[in-house]
Structure formats: C-alpha cells, structure tokens
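Every number in this note's numbering is 9 more than the matching position in the sequence shown, counting from 1. Single-structure report; data block below.
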Amino acid sequence: MSGLGTKLAGASGAAGLAAMLSGRVEYGTVAVRADAAGSVRALRLRRPGPAATDAPTEQLLRRHVLELAELPYRAIRPVPELLPAGVLVLTNTTAAAAELSLPADGTVLVVSDDTVEVRTSGGVRHLSPADWPEARAPREAPPRHVRVIVDTRDPELHVAGWSTRSGDLLRLHEWAFLAAQESADRLVDGGSYLVTVLDGITADGTPRPFTGLFTGLTKSLALDCPGALVVATVHAAGPVPATLATSVAELGAEQLLPCVYHVDGRRTTPRARPEQVDEPDAAPPPLDGSSLVVAAGGARGIGAPILLALARHYAPRIVLLGSSAPPADDDPVLDFDDPQQRSRYIREQVTGPDRVSVAAANARFDRLRDAAHMRRTLTELALHCGPGRVQYLRCDLRDTAAVRETIGAVLAEQGDIDLLINIAGINRASDLRSKSLADFRTVRDLKVRTYLNLADALRERPPARWCNFGSFVGFSGTRGETDYASANDFLNTAAAARDDGSTEHTIGWTLWRDTGLGASTVMQEFLSRTGWFTATPTEEGVAHFLAELACPRPPATTVLFGDREAGALSTVLPGLLDFCAAAPPEPTTRQVPAAAPRSAIPPQPAVPLAGPAPRAERRLPFIDDVVHRDATSLTAVRTFDLDRDGYLEHHQVFEFPTLPGTFVPELAAEVAVMLVPDRVPVVFEDLRLESFLRVYRDGRSRTKRLTARLLSSDDTESVVQVRISGDVLGPGGRVLVRDRLHFSVVVRLRDRPTPGPRWTHWDEHGSEALIDPYHAPGSPVLLREVFRSTTDTRVHPLGRRGRLALDTAGIHRWFPDLLVPSVLLDGLVRVAVLERAHGRWTPVAIPRYVRRIDLYGGHTDASLATRGEDVELYVTPVDLDLEDPNPDNRAIAVSRDGEVLLQVKDIIGAIVGYLDQSTGEIVDRKTFDEMFPAPATRP
C-alpha cells in the first residue's frame with residue numbers, strides 16, 4: 010500500500026494498524042519501513058470515534074462546599090498543661106517565644122529560613138536549618154508533648170506570596186513534621202501535639218492563606234497517631250496568653266476534625282456541606298474562543314482530559330506549563346497500550362553493547378511514555394483549538410525566577426489570563442515514621458511553591474478566574490500523607506483568603522480511575538482492597554469540572570466525594586458526616602466575587618419561559634420600540650445593521666448576510682408576548698418565508714415592522730397572527746415598495762411550556778456519514794461560527810440524522826435571551842437536505858414554508874449550550890422530497906434521555922445548489938439541472 014509518498018513494505022506496522030482499525034485504540038503511531046534497508050518512519054493516525062461526551066450516565070461523586078460551622082465545646086477529658094515537663098515548642102518568631110514560661114527541661118526552637126535558635130534553660134545556641142538531629146541532642150528520648158506556635162501576625166503572611174516571613178513559615182512546617190515523626194511513638198503513649206495559629210483567621214471568619222499548611226498536617230497526623238491528642242487551633246488576633254489558654258483547652262474537648270477555629274468567642278470547625286452547582290440558564294459562558302487558558306501542569310494526568318474538554322467546548326487559546334522536556338520527533342515509536350511493551354523495551358535496553366541498567370531502562374521507558382502522552386494531548390488540543398493556539402512551555406514550576414519569566418512572556422505575548430488552572434501535584438504516601446524529609450518537601454513544594462510562584466508572577470495582573478486542583482485529603486487528611494494533606498489544605502485556605510479581584514476557587518478531587526494518581530496498578534489494587542476511595546470515571550470528573558466552571562460565583566473551596574469516602578469518614582471520624590449534613594448556618598465567610606472572562610458579554614436578565622413574567626423582566630432582542638398598541642393588535646419595529654447584528658456575516662445566502670428563515674419564529678414570539686404578556690409561545694403554524702431579510706454592507710440600517718394581531722383567546726390559549734415587513738428603498742432612501750412582506754406565521758401561546766413526548770433513538774446500523782453542504786467553501790448558503798451548529802451528519806435507513814453542536818460562546822454572545830431555540834431549529838431543518846442524488850450529490854436548500862413547529866419543555870439555545878447536553882437530530886422519511894408541494898415529513902430534536910425538545914412538520918424548501926460528496930465541489934442549481942436533465946433529477 011502507499012500514501013503520502015511513503016510505501017509500506019509487507020506487514021510492516023500491521024499490529025499497530027490492526028489495533029487502530031479494530032477499535033482497541035483511537036489514535037496512535039504506526040512504525041513502518043519503506044524496505045528492509047530503510048530507516049523507520051512513523052505514521053501518526055487517528056481513528057474517528059463517537060463524539061466525546063463530558064456527561065456520565067450516573068455520578069458517583071457528590072459536590073460539597075467547605076465552610077466553617079459552629080460546634081459547641083464538649084469536654085471529654087481533663088485539659089493537660091500548656092507547657093508540660095519536657096515539652097518541645099517550635100515557633101517562627103522570637104516574639105511568640107518571649108510569651109512563654111518554659112519548664113526547666115523544656116526546649117524552644119525558633120525556626121527561620123536561614124537559622125534555628127535553640128532555647129533551653131542552659132542558654133541559647135544557633136543551628137543551620139539542616140541540623141535537626143543536633144537540635145534534639147543530647148536528649149535521651151523524643152519529647153512526648155509538642156507545641157507548634159505559628160505566628161502569622163506579620164502582614165506579609167496575610168497574603169499568599171513569597172517573603173522572608175513565608176520562607177520562615179515553610180521551614181517551621183518542615184520542622185513541625187520532623188518533630189511529629191520523631192515523637193510519633195511517644196505521642197500515642199499518652200502524648201499530645203498541639204498547633205496554635207496566632208492571627209490565623211480574620212475577624213469576619215476568613216482563614217489566612219498559610220493556615221492550611223498546619224491544619225492539613227494535623228489532620229493526617231491525627232490519623233497516623235491514633236489515640237494521641239492531636240489538634241490544631243486557629244485564632245483571630247488577640248492577646249497571646251489568652252489565645253494559648255483557649256488553644257490548650259481543645260486538648261480536653263471532643264473533635265470531629267482535629268482543627269478548630271476561634272473568632273470573637275465563636276468555636277467553629279470545617280465541614281463539607283452537600284450543595285449542587287447552581288447553574289443559571291442565562292449565564293454567559295466562562296470562556297470563549299478568544300479566552301486565554303494557562304495550565305500549570307496538565308499535559309498528562311487528570312489535567313489532560315480537563316483541557317481537552319475545555320478545547321471541545323470553548324476552543325480557547327491554551328498555554329501549558331510543565332517541567333518535562335517537550336516530545337522529541339526522533340523518539341522511538343512504541344505501542345504504550347500494549348501491556349508487554351515495557352518488558353520488551355527493557356530487554357532490548359539491558360542487552361547489547363550500549364546496554365544500561367534495568368533502573369535506567371525503566372526510567373527511559375517512563376520518559377518516552379510520558380512524552381507520548383504529552384504529544385497526544387497537545388495534538389488533540391490543537392485539533393479543537395486550531396493551529397498556533399496551543400503552546401507548551403517548559404518551566405520548573407517550583408523555580409520562582411523561571412515562573413516569573415515564563416508568565417511574564419505569556420502576558421506580554423498573549424495578554425491577560427482568563428482562566429488559570431493550577432494542576433501540578435505529586436503524591437508519595439508512606440508511613441510517617443519512614444517518610445524522608447526530601448519526599449515531604451517534594452510533595453508539599455510542587456503544590457505550595459508552584460502556587461506562591463504563580464501568585465507572585467501574577468500579582469499585578471491576576472487572572473479573571475483561578476482554579477486550583479486540590480484533594481479530598483485536604484479536607485479529611487489520611488494516613489501517610491502529612492505532606493499531601495498540608496499542600497492541599499493550603500490550596501483551600503489560600504483560595505478562601507485571596508482578595509485581588511480574581512475569582513479563585515479550589516476543587517478537592519478524589520482519585521480518578523483512568524488517569525492521574527489513581528490509574529497506577531498499585532493504586533488500583535489499593536482501591537480494590539481497601540474500598541476507601543471512589544475510582545472516579547474520567548467523564549464524570551470532567552463533568553464536575555465543567556459544572557463548577559460554569560458557576561459564575563463559585564465557593565472558594567469545594568470537595569467531591571462519594572459513598573466510599575463517606576464510609577471511610579464514618580469509620581475514622583465518627584459524627585462528622587452528620588455534622589456536615591446539618592442545616593447550613595448563617596453565612597459567616599467571604600463570598601467570592603464573580604469574574605467573567607474578559608472576552609465575555611455581560612449577562613442580561615433571562616426570560617422565564619415556565620410561566621408569566623412581568624414586562625419589565627423581559628429582554629426582547631428583536632424589539633426596539635412599540636409604535637402602535639391596542640387591545641388586539643401591536644406593531645413594533647426593529648432596525649437591523651451589521652454593527653449590532655454582526656452574526657449575520659456568519660449566515661450568508663449568495664454571499665449576502667441574511668437572517669435565517671428559522672429565526673422568524675423568534676421574531677414572531679417576541680412581538681406575540683408583547684401583545685399577550687402572560688403566556689409563552691408553544692406552537693408556530695403556517696410559516697411562510699416570502700422574501701429574504703438581508704443586511705447589506707453599505708453601512709445603512711434597515712428597519713422592519715413586526716405586526717401582531719390577536720385572532721382568538723380563551724382559558725387554554727391565545728392565537729396571534731404575525732407579519733414581518735419592510736419598505737424597499739432605492740438610491741437616496743427613496744421608497745420603491747412600501748411594506749413589502751418578508752414573513753408571516755401564526756403563534757399559539759399557552760400558560761406554560763408543553764412537556765416533551767418521548768422518542769426512541771435510532772441505532773447506528775446502516776448509517777453513512779455525509780459532509781454538511783452548508784459548511785463547504787463556496788456553498789450558496791454558507792454558515793460559519795455560531796451557525797455551524799451540527800455535526801455527525803449522515804443518512805440512515807430510516808431517514809436523515811445529525812447531532813447538535815452548539816457554539817456555547819457564540820450562543821451566549823449573540824443569542825443569550827431568545828425565547829425560541831432558533832439555532833437548534835436552524836440546524837434541525839438543515840438535516841432534511843441529507844441525501845445522495847445521482848449517487849454523490851447533496852442539495853443545498855433554503856426553507857420556503859413550514860406547516861407546524863412545536864416547542865417542548867421551554868428549552869432555549871442558551872440553556873442547552875450551558876448544560877452541554879447531547880441532542881440528536883432526526884428527519885423522516887428516508888425518501889423525503891424537499892420541493893414536494895404537498896409535504897409529509899417530520900424533523901425532531903431529541904435529548905439523550907429521549908425527551909423531544911422540538912418538532913417540525915412538513916417543510917418545503919427550494920434547492921439552490923448541490924455539493925459533490927466525493928470531491929467537495931459546489932455547483933449551482935442551473936448547472937446541476939443541465940448535468941441531469943428532467944425527468945432524471947429525482948432518481
């Protein structure tokens with residue numbers, strides 16, 4: 010076989026090609042040789058598959074909003090001393106240390122980034138921060154009681170960013186871990202570990218950004234040391250002695266989570282309150298094609314499907330930042346979907362003159378696999394976003410200077426960021442007693458230092474939206490993950506504390522089944538064995554992210570978990586779930602302000618379709634003014650020009666911007682509800698499209714009259730006749746034809762929308778894909794952007810079909826307030842043309858008449874686009890004749906669950922051209938009729 014100038018010898022590449030064709034893999038790389046002596050060439054192939062979906066059939070996870078809720082103090086044990094004999098105290102300021110009355114055998118360590126001051130009854134000495142063992146000598150045994158006093162009173166610590174004080178705090182955090190590690194066996198033997206955060210929460214109940222470092226550590230430490238008294242207390246500004254007294258009292262109290270916040274006499278603790286996303290139908294899209302998305306991490310792991318979903322939905326510009334080298338063109342071609350590939354590769358690498366160790370071979374394989382995954386992600390993103398709109402920049406996210414330089418370059422070249430996704434993370438869970446400080450830093454720093462570096466680099470130009478990828482562990486803690494819990498709880502408190510105009514929020518994920526931390530064989534076995542974590546399907550994780558992104562006012566912190574996590578919480582933290590499910594308290598925490606993307610159009614009030622609405626609530630985009638009104642009639646005017654109606658440039662008939670005939674029901678609906686304001690349109694009958702409504706590029710506007718006349722009205726419905734007309738003007742504005750009729754239609758209005766009937770979806774057997782002739786260059790009816798609303802167009806043994814593909818950004822930009830799903834209607838009617846005339850020709854037609862249109866369920870283009878729901882489009886019969894003067898055809902739009910959203914009966918069209926499905930050639934109607942003279946025009 011041959012193609013693209015490359016000859017394939019024999020069965021070269023057959024295994025990979027077979028995998029592609031059989032459906033085992035969707036895309037991949039096939040290695041081939043031109044001949045036995047030739048070098049290996051690679052063909053990268055992609056097998057078209059079913060349209061990607063972001064909506065799972067049944068969700069395993071539930072969304073919860075993290076908040077602080079009041080919890081009365083309940084004493085269950087005697088309160089120990091604040092500073093018992095042999096106590097070890099760690100703090101980050103000498104001011105805090107000076108407040109303490111230390112017992113004779115106690116030790117205070119004042120930890121900063123460059124030195125540690127050791128205070129004992131014997132005096133003061135200074136050590137390097139690397140000298141933890143020296144700080145403990147010459148003590149015979151580890152301390153049984155540890156106190157960590159975190160002083161965040163310095164204003165530098167009220168903002169998440171780099172400073173001398175934040176460096177000191179990170180060092181204190183490391184030494185707090187080392188103290189816990191050393192004392193772990195003594196803590197469980199009657200010991201206590203108490204963290205006190207001074208000025209760690211504002212007077213209005215907002216945690217300071219660095220608080221989560223220490224509450225997260227404490228949550229996991231309490232699980233690592235069952236039976237020990239482990240608590241973190243966080244306090245608003247106040248006298249240190251009183252604060253310490255309140256803090257130590259918590260060692261005698263019942264805890265749900267081992268962290269408590271005290272503000273103005275109120276005792277609160279975190280809880281995860283169940284709350285579904287509030288997705289207003291008329292909200293603007295969070296992104297559009299001009300938006301800039303920057304992902305810190307994301308070329309692999311859970312970030313990849315998230316970014317692919319953003320690309321499919323919004324096609325924004327995307328910049329990925331990562332530490333890995335970009336894929337190299339000369340990387341060997343391997344089938345990473347083959348489970349035996351690793352072993353074969355390692356065998357090849359450990360033999361021969363250039364052999365390497367098994368460890369080195371494993372590392373090489375991992376690098377090649379990661380590079381292949383990255384290449385796959387970048388290629389897929391570019392397919393959706395377009396050439397030159399996806400960029401990968403190598404950058405060590407833990408390096409402050411590198412991040413500042415890279416972000417600066419992005420801002421300079423591409424402008425402000427609409428969405429920043431902070432995805433970076435790693436997990437190295439291990440027993441507390443064996444966890445190395447190096448591993449602790451690696452896990453913590455990839456999240457914490459990355460965040461601080463991004464915050465500093467974006468200090469002057471924050472993104473409109475900032476989303477951190479956190480973890481369920483940040484809320485609950487878990488064994489062996491003091492580092493991971495610290496980092497993720499930091500993301501929670503940092504998001505809650507941010508107040509720079511951006512909408513920042515943190516999503517706490519559980520494990521994903523197919524990618525990221527949960528996808529490894531070891532983790533899969535762990536999940537199966539313990540049953541502690543839900544293995545989240547990728548499509549569900551993506552759906553949760555898109556729902557959160559669509560929320561215009563996201564809570565600062567949310568966490569997702571399912572039945573398995575709930576079961577684990579019930580076992581290790583009894584009573585917490587009941588506390589979480591209790592009625593919500595009065596709001597006490599900051600409400601994060603909304604921030605629309607810089608490219609979005611501000612939202613307008615929605616038109617409620619489910620019932621009557623006062624006139625003031627209706628925004629009717631095709632009504633400029635009412636020039637006549639009485640009890641049974643109304644005349645309104647609407648001026649069209651390309652400044653306000655620029656979308657018409659994307660709907661051209663014979664190269665002229667033209668209002669789609671399928672928008673006439675919208676114009677009619679608007680003037681009808683002006684006349685009958687307490688009802689909603691449900692049926693349109695006798696739609697006649699007499700002449701085009703064009704808007705010319707001469708700079709002149711065109712004013713049209715919309716006239717409504719009430720034909721009848723009773724308790725069930727009102728019937729309104731609508732005419733849309735305008736004067737035909739000549740040079741100088743002279744009226745050539747007065748009140749020329751463009752369109753007419755009858756509108757039936759009722760008190761509420763009609764529920765949709767049910768429809769059984771067709772299977773795919775016998776389907777044949779066809780090019781949509783309205784998308785082809787040179788088409789006499791050429792549709793672009795918001796009007797390219799269909800995909801998967803095909804013929805079927807039962808008729809014609811396609812799938813709705815709304816341009817979400819375009820819908821919310823141009824048509825956020827329509828009463829009728831007009832773009833859906835336009836796409837549905839166009840499916841009727843799909844056929845093969847004379848074997849390979851598909852007609853291009855314009856509608857001239859429709860007997861009846863039924864709307865069901867009150868759906869609009871905006872509501873359907875916001876939900877991202879799959880909608881199938883069907884037209885029957887299979888032998889439909891568009892130009893039959895006595896039509897008997899039917900077109901319906903059906904949701905995934907079988908609800909009919911829209912039905913059109915008996916369309917008559919006029920064919921204006923044909924598309925050659927084989928070559929893509931467009932011919933006009935006259936040429937086609939000459940090629941196939943009557944009576945053979947209709948085979």
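Backbone N, C-alpha and C define an ideal beta-carbon position, used for all residues, glycine too.
- Contact check for R275 and V302: beta-carbon distance about 40 Å, past the 8 Å limit, so the pair fails to qualify.
- According to the DSSP assignment, E679 belongs to no beta strand (DSSP E) but to the alpha helix (DSSP H) extending over 673-684.
- Look at V419 here: in three-state DSSP terms it is helix.
- Per the Cβ contact rule, the segment 487-499 is in contact with the segment 222-242 (3 or more Cβ pairs under 8 Å).
- When only Cα atoms are considered, M683 and P690 end up about 11 Å apart.
- Here the C-alpha atom of D863 lies approximately 23 Å from the C-alpha atom of I632.
- Bridge pairing for I855: A919 [DSSP].
- Secondary structure at A565: coil, using DSSP grouped into helix, strand and coil.
- Straight through space, the alpha carbons of T211 and L203 are spaced by roughly 21 Å.
- Cβ contact annotation for R849 (same chain, cutoff 8 Å, sequence separation greater than five): D925, Q926, S927, in chain order.
- Per DSSP, Q661 lies in no alpha helix (DSSP H) segment; the continuous beta strand (DSSP E) that holds it begins and ends at 660-662.
- Distance between N371 and A438, taken at the CA atoms: about 21 Å.
- DSSP places R174 inside the alpha helix (DSSP H), whose first and last residues are 173-196.
- In this structure, G486 lies near S229, with their beta-carbon atoms less than 8 Å apart.
- With contact defined as three or more Cβ pairs closer than 8 Å, the segment 174-181 and the segment 235-248 are not in contact.
- In the structure shown, the three-state DSSP call for N501 is helix.
- When secondary structure is reduced to three states using DSSP, Q68 falls in the coil class, being assigned neither helix nor strand.
- In the three-state scheme derived from DSSP, where H, G and I count as helix and E and B as strand, Q358 is classed as helix.
- When beta bridges are read from the DSSP output, W850 appears opposite A846, D925.
- Burial state of G576 is exposed, judged by a 10 Å Cβ sphere holding fewer than 16 other Cβ atoms.
- Secondary structure note for N462: its alpha helix (DSSP H) is the uninterrupted segment 446-466.
- Boundaries of the alpha helix (DSSP H) around V581: 572-581.
- When beta bridges are read from the DSSP output, D160 appears opposite L207.
- In the structure shown, T543 adopts coil according to DSSP, grouped into three states.
- Look at C394 here: in three-state DSSP terms it is helix.
- Distance from L843 to V832 at the Cβ level is roughly 18 Å; contact not present, criterion being Cβ atoms closer than 8 Å.
- Shown here for N462: same chain residues with a beta carbon closer than 6 Å to its own, the five before and five after excluded, namely T409, V412 in chain order.
- Residue pairing by DSSP places A262 opposite A84 in a beta bridge.
- For A902, the enclosing beta strand (DSSP E) has its first and last residue at 899-904.
- DSSP places C589 in the uninterrupted alpha helix (DSSP H) bounded by 585-590.
- Inter-residue distance for D427 and A421 is about 14 Å (C-alpha atoms, whole angstroms).
- A Cβ-Cβ contact shorter than 8 Å links V790 with V662.
- By the Cβ neighbour-count rule, H770 is exposed, with fewer than 16 other Cβ atoms within 10 Å of its own.
- Per DSSP, the unbroken alpha helix (DSSP H) holding Y323 starts and ends at 312-323.
- With fewer than 16 other CB atoms across the displayed protein chains lying within 10 angstroms of its CB, A778 is exposed.
- Under a 10 Å Cβ-count criterion, M940 is classified as exposed, with fewer than 16 other Cβ atoms of the shown protein chains found around its own Cβ.
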